[in-house]
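There are 2 protein chains.
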Amino acid sequence: MKDISIGLVGAGTVGGGVVKVLSKRLDFFRNELGLPLRLARIADKQISLFKELPVGDAVCTASADDILNDDSIQIVIELVGGKGFAFDLIMEALKRKKHVITANKALIAERGPEIFECAEKNGVSVYFEASVGGGMPVIKAIREGLIGNNVFSVKTIINGTCNYILTKMTVEGLPFADVLKEAQARGYAEADPTLDIEGGDSGHKAAILASLISDGYVPFEKVYREGITSISAEDIRFASELGYTIKLLGVIKKNNSDDQLDVRVHPAMLHDDHILASVSNVYNAVLLEGDSVGQILLYGRGAGELPTASAVVSDIIDVARNISASSPVRVPMGYYSKSKEISIKQIDTITSRYYLRFTVVDQPGVLASITSELGKHGISIASVMQKEGYEDSSVPVIILTHLASEKGIKDSVAGIEKMSFIKDKTQIIRIES
Amino acid sequence: MKDISIGLVGAGTVGGGVVKVLSKRLDFFRNELGLPLRLARIADKQISLFKELPVGDAVCTASADDILNDDSIQIVIELVGGKGFAFDLIMEALKRKKHVITANKALIAERGPEIFECAEKNGVSVYFEASVGGGMPVIKAIREGLIGNNVFSVKTIINGTCNYILTKMTVEGLPFADVLKEAQARGYAEADPTLDIEGGDSGHKAAILASLISDGYVPFEKVYREGITSISAEDIRFASELGYTIKLLGVIKKNNSDDQLDVRVHPAMLHDDHILASVSNVYNAVLLEGDSVGQILLYGRGAGELPTASAVVSDIIDVARNISASSPVRVPMGYYSKSKEISIKQIDTITSRYYLRFTVVDQPGVLASITSELGKHGISIASVMQKEGYEDSSVPVIILTHLASEKGIKDSVAGIEKMSFIKDKTQIIRIES
């Protein structure tokens, strides 16, 4: 059989990982799987990166065009990142009938429909296992392993940076800003951490997972996103006293009552015995629920050089098997199209349980005023915690509600915040079960 | 495209589940995946089972021959169980160039080489996702999702019956026999529970997983197996006091030091913060460790009508995609062959940490004699627990060791058991980390 030639664009951390993982397994792929893969070219503008890689000079080039123009290359791996050059590269590769493998969650989430349409038109495919959950084969699980199911719920810890920060805050009682600095020093957070800590990265991944389970297209910009920057060490301590852990959670729920998909990313309180509550540090986890299979959890490292490379290499093998079987579109993505856009539930229309932390002046009648306002909006209280011993002029009042409407919560909090005893913005955290 | 016709043999619990799951998803498979599946025939000697199924009479038959003889049927699903008729059925189907899907772990583990050889010779394939871990796509994860890895370690809770029994014993402090009876009454244990509680079922699954990660053939009969019948409520209580949980564990480890694979099934103590320690009741979990991906956990229901059917249906789709792409042996199984038998480590040559419970007469010098004998065999003690307040003539002495050789442990326990103060057989439980 003729070699299957691969062109890799992007020789950074993940690109380097792919070269390492692939080199180790080439003989196995050739001899045991019958797939004669060849890493034909590696392109990166930053040619100094090549020095770190165990490949010959002839393989390396500063120009991705050398890969696009090489007709013998059948698979292009895009590990450049970003949404400009990477998008053009992917589209150009597809137009030249090359299969594409990418780890670019932003691109799949934001421009997936154009990409998949172009792939279909050219009879090639796009694989993106590494875009969600690093080395966990979660996209394969949804598209293949659980294909007999209507997957109606996903709850996921999908951003290692945020999970590391929240774990550190929980274990060491430190404030957000201090832990972020430490995470940056250790390389667990970027110099500009916005995309992680504001929920954008988790939102990209949630949009992809939501599209996959709903056989339609969930636009990233319609996914409600709330980051972890407002979570205080105090919230984490109170949660812990109440038997809860705070995680940045991606939540996707199909509702039977309406056709709208509930997709959102926000900090959530999970009871300590919830299986996701024990997912700590940089680990990720995806809890899927299907109508046949029940609950399935995948857990693993969601990022990093080698785990992400592991996912890219599994895509390479899938594509190589497709090529050797002449079945380029084995897993059709036709549904990931603007014409199949899924209607998303507005955040104000969801129902949830809530944790509310009011900051109030310690004076008689405060609790009565708060609870009365909540009652007016039909919000039923599950528990109240008010602490002695605050020497400040203000004290926290914590209320956990039963199931309530988001709108009712927001309206009543707005009402309460007009009262004179309120000293600060109220913290609202959704409780997931 | 021509219909892809399926023949199902075995209309029991899982067979019925497959009919239900398949019926619900047929339109989706046809319209979205382009796979026109048709459940052409269902065979079962016990024709009364057909009444429960949502299929027409014309589909049902008492004779599997009607499926074998039907040239239009391309996929045969074997859900009969057992090792006699089921084996003959599978071999006959393969010889007639039909693809086979089975949930039969005993057959794959014990006669896999013959089955896979026959499939290869006839240019068809055998899929068996449902044989391990019910609805968890663990076989797909190893063969496809983690194909970029050398998976060098597997630790798994893979038998729901045993996990249910041990969980109940732990939570309620009840003895094994009482919990077994209750599990039988609830349908979580068979009338004859031997295969589950003696470790045979877990052994079958461990042999399959071991073969898959080692790209060779691990014969079932060489897998060391120890069941849970000797685990007492006392062991579980002592473990708990020491911060450990007892689970029936499948352990597979590739050793760098020699070429032998360590494969075994036995009760094991796991520290309470081990991720597998919190896998309770009928849930299963597989903790895989690969050289690229690091730790990956899959968790879900390992048995039951619909979870198992979910796995069978994912196999159906894989086979149907192979058929429609004319790539029948997409995932080659040539290594699962007697000529590629993997050498298995003898249990006496392993090293582990151990929990030892001696039953002794409460008299001076006992602990000195025990520890001295252990010391003679080079066994280093990590902790000792001896309890007051036993009114019996005998009291338990618990010792946790550091890493020790299995042979050293067995030799020293044999030596200690010759001493006059020993009143009962010593309990030995391996500690896994």
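Protein chains in written order, with numbering that gives the first Met the number 0: chain A, 0 to 432; chain B, 0 to 432. For glycine and all other residues, C-beta sits at the position ideal for the given N, C-alpha and C.
Practice item. Please say whether GLY299(B) and GLY144(B) have beta carbons closer to each other than 8 Å? Key: To locate residue 144(B), count along the second sequence from 1; it is residue 145. To locate residue 299(B), count along the second sequence from 1; it is residue 300. Result no, Cβ atoms of GLY144(B) and GLY299(B) do not sit closer than 8 Å.
Review point. When DSSP labels each residue in this structure, what does SER382(B) get in the three-state scheme?
Key: Along the second sequence, read from residue 1 onward, the residue named residue 382(B) stands at position 383. Strand, per DSSP.
Practice item. Measure the Cβ-Cβ separation of HIS401(A) and ARG356(A) and say whether it is below 8 Å. Key: One-based indexing of the first sequence puts residue 401(A) at position 402. One-based indexing of the first sequence puts residue 356(A) at position 357. No; because the gap between Cβ atoms is not below 8 Å, this pair is not in contact.
Check your understanding: Are the beta-carbon atoms belonging to VAL125(A) and VAL131(A) less than 8 Å from one another?
Key -> Indexing the first sequence from 1 puts residue 125(A) at position 126. Indexing the first sequence from 1 puts residue 131(A) at position 132. Against a cut-off of 8 Å, the Cβ pair of VAL131(A) and VAL125(A) comes out as no contact.
Check your understanding: So, ASP69(A) versus ALA39(A), is the Cβ gap smaller than 8 Å?
Key -> The residue given as residue 69(A) occupies position 70 in the first sequence. The residue given as residue 39(A) occupies position 40 in the first sequence. Going by C-beta atoms, ASP69(A) is nearer than 8 Å to ALA39(A).
Review point. Taking the alpha-carbon positions, what's the GLU431(B) to SER325(B) distance?
Key: Taking the first residue of the second sequence as 1, we reach residue 431(B) at position 432. Taking the first residue of the second sequence as 1, we reach residue 325(B) at position 326. Each residue's Cα considered, the two are about 45 Å apart.
Practice item. Reducing DSSP to helix, strand and coil, say where LYS344(B) ends up. Key: Residue 344(B) sits at position 345 when you count from the first residue of the second sequence. Three-state result, LYS344(B): coil.
Point to revise | Identity of the residues DSSP links to THR101(B) by a beta bridge | key: The residue labelled residue 101(B) in the question sits at position 102 within the second sequence. Paired residue(s): GLU77(B).
**Study point:** Range of the contiguous alpha helix (DSSP H) that encloses GLU431(A)
**Key:** Locating residue 431(A) in the first sequence gives position 432, where the first residue counts as 1. Note, GLU431(A): premise wrong, no alpha helix (DSSP H); beta strand (DSSP E) at 426-431.
Exercise for review: Taking only runs that begin and end inside the stretch 176-220 of chain A, name each unbroken alpha helix (DSSP H) of 4 or more residues, in chain order.
Suggested key: 193-196 and 199-213
Point to revise | Three-state secondary structure (DSSP) of VAL150(A) | key: Position 151 of the first sequence, counted from the first residue, corresponds to residue 150(A). Reduced to three states, the DSSP call for VAL150(A) is strand.
Review point. Beta strand (DSSP E) containing VAL131(B): first to last residue?
Key: Walking along the second sequence from the start, residue 131(B) turns up at place 132. Where VAL131(B) is concerned, there is no enclosing beta strand (DSSP E), because DSSP gives it neither an H nor an E.
Exercise for review: Tell me, please, whether the CB atom of ILE398(A) is closer than 8 Å to any CB atom in chain B?
Suggested key: Indexing the first sequence from 1 puts residue 398(A) at position 399. Judged by the 8 Å Cβ criterion, ILE398(A) is not in contact with chain B.
Point to revise | Buried/exposed call for ARG185(A), threshold 16 Cβ in 10 Å | key: To locate residue 185(A), count along the first sequence from 1; it is residue 186. By the 10 Å Cβ count, ARG185(A) comes out exposed.
**Study point:** Distance, PRO174(A) Cα to ASP261(B) Cα
**Key:** By one-based count along the second sequence, residue 261(B) stands at place 262. By one-based count along the first sequence, residue 174(A) stands at place 175. C-alpha separation (whole angstroms): 46 Å.
**Study point:** Neighbour-count burial assignment, VAL285(B), 16 or more Cβ in a 10 Å radius
**Key:** Reading the second sequence from its first residue, position 286 is the one you call residue 285(B). By the neighbour-count rule (16 or more Cβ atoms within 10 Å), VAL285(B) is buried.
**Study point:** Under 9 Å from the C-beta of LYS139(B): neighbouring residues of chain A
**Key:** Stepping through the second sequence from its first residue, residue 139(B) is reached at position 140. Residues of chain A passing the Cβ test: PRO136, LYS139, ALA140, GLU143 and GLY144.
Check your understanding: Cβ of ILE196(A) within 8 Å of Cβ of ILE235(A)?
Key -> Here residue 196(A) refers to the residue found at position 197 of the first sequence. Here residue 235(A) refers to the residue found at position 236 of the first sequence. Cβ distance not < 8 Å, so ILE196(A) and ILE235(A) don't count as in contact.
Exercise for review: Decide if the stretch 149-169 of chain A is in contact with the stretch 238-255 of chain A; the criterion is three or more beta carbon pairs, one per stretch, under 8 Å apart.
Suggested key: yes
Review point. Under the rule that 16 or more other beta-carbon atoms within 10 Å means buried, what is THR348(B), buried or exposed?
Key: Here the question's residue 348(B) lines up with position 349 in the second sequence. Label assigned to THR348(B): exposed.
Check your understanding: Which residues in chain B sit within 7 Å of PRO363(A), going by Cβ to Cβ distance?
Key -> Locating residue 363(A) in the first sequence gives position 364, counting from the first residue. Ordered by position in chain B, no residue passes the 7 Å Cβ test against PRO363(A), which lies about 45 Å from the chain.
Check your understanding: Going along the chain, which residues of the stretch 212-237 of chain B sit with their C-beta nearer than 7 Å to a C-beta in chain A?
Key -> ASP214
Review point. Does DSSP put LYS96(B) in a helix, in a strand, or in coil?
Key: For the purposes of this step, residue 96(B) is taken as the residue at position 97 of the second sequence. Coil at LYS96(B), not helix or strand.
Practice item. Tell me, please, which residues DSSP counts as bridged to LYS252(A). Key: Taking the first residue of the first sequence as 1, we reach residue 252(A) at position 253. Its beta-bridge partners are SER152(A) and ASP261(A).
Exercise for review: Return helix, strand or coil for ASN30(B), following the three-state DSSP convention.
Suggested key: Position 31 of the second sequence, counted from the start, is the residue given in the question as residue 30(B). It is helical.
Exercise for review: Taking only beta carbons into account, state which residues of the stretch 116-134 of chain B come closer than 7 Å to chain A, listed in chain order.
Suggested key: GLY134
Point to revise | C-beta atoms of ALA63(A) and VAL13(A) nearer than 8 Å | key: Position 64 of the first sequence, counting from 1, holds the residue named residue 63(A). Position 14 of the first sequence, counting from 1, holds the residue named residue 13(A). In this structure, VAL13(A) does not lie closer than 8 Å to ALA63(A) by Cβ.
**Study point:** Residue range of the alpha helix (DSSP H) that includes TYR163(A)
**Key:** Taking the first sequence and counting its residues from 1, the one referred to as residue 163(A) is at position 164. 159-171 is the extent of the alpha helix (DSSP H) around TYR163(A).
**Study point:** Delimiting residues of the beta strand (DSSP E) encompassing ALA39(B)
**Key:** On the second sequence, residue 39(B) is found 40 positions in, with the first residue counted as 1. Under the DSSP assignment, ALA39(B) falls in the beta strand (DSSP E) whose first and last residues are 36-42.
Practice item. Go ahead and pull the three-state DSSP assignment for PHE420(B). Key: By one-based count along the second sequence, residue 420(B) stands at place 421. PHE420(B) falls in the coil class under three-state DSSP.
Exercise for review: With 7 Å as the C-beta to C-beta threshold (strictly closer), list the residues of the stretch 25-38 of chain B near chain A in chain order.
Suggested key: So the close ones are GLU31, LEU32 and GLY33.
Point to revise | Proximal chain A residues relative to GLY299(B), where beta-carbon distance stays under 8 Å | key: Numbered from its first residue, the second sequence carries residue 299(B) at position 300. The answer, in chain order, is VAL292, GLY293, GLN294, ILE295 and LEU296.
Practice item. Give the DSSP-derived three-state secondary structure of ARG320(B) in the structure shown. Key: Your numbering for residue 320(B) matches position 321 in the second sequence. If DSSP states are grouped into helix, strand and coil, ARG320(B) belongs with the helices.
Exercise for review: Please go through the same chain and pick out, in chain order, the residues whose beta-carbon is closer than 6 Å to the beta-carbon of ILE46(B), but skip the five residues on each side of it.
Suggested key: The residue given as residue 46(B) occupies position 47 in the second sequence. By the criterion of a C-beta distance shorter than 6 Å, ILE46(B) is surrounded in its chain by ALA61, once the five residues flanking it on both sides are discounted.
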